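**Student:** Take the position in the sequence shown, starting the count at 1, then add 250; the result is the number in our numbering. C-beta atoms are modelled at their ideal positions from N, C-alpha and C, and glycine is treated no differently. Computed from a predicted model, the values in this text were never measured in an experiment. Here it is: the structure, laid out below.
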Amino acid sequence: MPPSVRETRQRTAIRNALQSQNRPLKPKEIQELAQQECKSLGIATVYRNLRTMLEDGLVEKLEIPGLATCYSLPREIKRPILVCQRTGQIHWLKTRPADVDLSQVPPNFEYEGHEIIVYGQFQT
């Protein structure tokens, strides 16, 4: 943890919530899980801590059009993303990253990265 970031009960509970699920979580999901450890944790505190943790590189934000913003612990490897269209949950596909042929990218396009998103539904 960067030296400027003070470790708090709330921040620890948020990090533990993210670690416990091993998938990106919506702020409300983070709050519900973190409240098991920190009963009085409010949603405003979750957002405030996520903002600080994001600035310090302790979490990453995942924004997919049409879905609520999710947060996860930083990933070393960018794996393809699974989106359940029934529940709106996001999961990591447990495979190596997909190779993408970037030879067709125009020379005046500054490539910054990519994500592979797979849409479907988990069967219950």
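Can the beta-carbon of residue 371 be found less than 9 Å from the beta-carbon of residue 335?
**Tutor:** Position 121 of the sequence shown holds residue 371. Position 85 of the sequence shown holds residue 335. Yes, the Cβ-Cβ distance between residue 371 and residue 335 is below 9 Å.
**Student:** Using DSSP with H/G/I as helix, E/B as strand and the rest coil, what is residue 257?
**Tutor:** On the sequence shown, residue 257 is found 7 positions in, with the first residue counted as 1. Coil at residue 257, not helix or strand.
**Student:** Express the C-alpha separation of residue 357 and residue 351 in angstroms, rounding to a whole number.
**Tutor:** Taking the sequence shown and counting its residues from 1, one reaches residue 351 at position 101. Taking the sequence shown and counting its residues from 1, one reaches residue 357 at position 107. Using only the alpha carbons, I get a separation of about 14 Å.
**Student:** Around the C-beta of residue 279, are 16 or more other C-beta atoms found within 10 angstroms, so that it is buried, or is it exposed?
**Tutor:** Within the sequence shown, numbered from 1, the residue matching residue 279 stands at position 29. Buried.
**Student:** Could you name the residues that DSSP lists as bridge partners for residue 322?
**Tutor:** The count along the sequence shown starts at 1 and reaches residue 322 at position 72. Answer is 310, bridged to residue 322.
**Student:** Note the first and the last residue of the continuous beta strand (DSSP E) segment covering residue 367.
**Tutor:** Within the sequence shown, residue 367 is the residue found at index 117, counting from 1. Note, residue 367: beta strand (DSSP E), 367-370.
**Student:** Under DSSP, the alpha helix (DSSP H) around residue 352 begins and ends at which residues?
**Tutor:** For the purposes of this step, residue 352 is taken as residue 102 along the sequence shown, with counting starting at 1. Looking at the DSSP string, residue 352 is not in any alpha helix (DSSP H), and its letter there is neither H nor E.
**Student:** Quick check: what's the CA-CA separation for residue 263 versus residue 342?
**Tutor:** For this step, residue 263 is matched to residue 13 along the sequence shown. For this step, residue 342 is matched to residue 92 along the sequence shown. Approximately 22 Å, taken between the alpha carbons.
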